[in-house]
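S.K.: By the count of the UniProt record's numbering, the sequence shown reaches residue 131 at its end, each step adding exactly one.
Idealized CB from N, CA, C, for every residue including glycine.
Given the structure is predicted, the values throughout are model-derived calculations rather than measurements.
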Amino acid sequence: MSKAKVALRDISPVMQKLRDFLLGRKHTNALRFEPLVAARTQPPPQIPDGSSHKNNLLFAKKVLLQLFKLYFSGTLQNYYYTRDGRREVAPPMDLTKQLLSASSDKGAPKQAANVRPHLAPCTSGTNTMNK
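#1: Do the stretch 28-42 and the stretch 6-16 make contact, defined as three or more Cβ pairs closer than 8 Å?
#2: Since His27 and Arg19 should fall inside the 8 Å C-beta cutoff, what is the C-beta to C-beta distance between them, to a whole number of angstroms?
#3: Is Met15 helix, strand or coil when you go by DSSP?
#4: Indicate the three-state DSSP secondary structure (helix, strand or coil) for Pro45 in the structure shown.
#5: Note down the Cα distance separating Leu22 from Asn29, rounded to an integer number of angstroms.
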């Protein structure tokens with residue numbers, strides 16, 4: 001009935017049959033028991049090598065020289081974040097400004113289509129103003 005060696009918490013077999021008959025299907029237990037769940041160990045990830053994982057001697061010499069410089073400059077603790085090309089991050093590009101600047105003619109500069117004009121806050125008239 002189950003993969004567990006020890007009987008899991010449930011009702012008696014007679015009550016199980018009655019429950020299954022009244023449900024019209026086999027009851028699935030919502031409780032999670034350790035023998036019935038997947039193992040916690042996962043295989044190691046298959047990540048492709050970045051720009052820092054080259055196996056040539058020239059690259060190894062450059063890395064050692066850079067480590068030597070970083071060690072004596074006191075910034076070695078931040079080397080982890082700067083050594084891999086996959087971690088290079090840049091702010092997102094605003095394409096609307098680039099498109100408008102590229103296609104603008106010699107007239108007045110155009111405003112981006114997705115930018116709302118700044119409006120003054122609404123008031124309900126003289127009732128809200130302090131006198």
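M.R.: Checking against the coordinates, here is how it stands:
#1: yes
#2: 6 Å
#3: helix
#4: coil
#5: 16 Å
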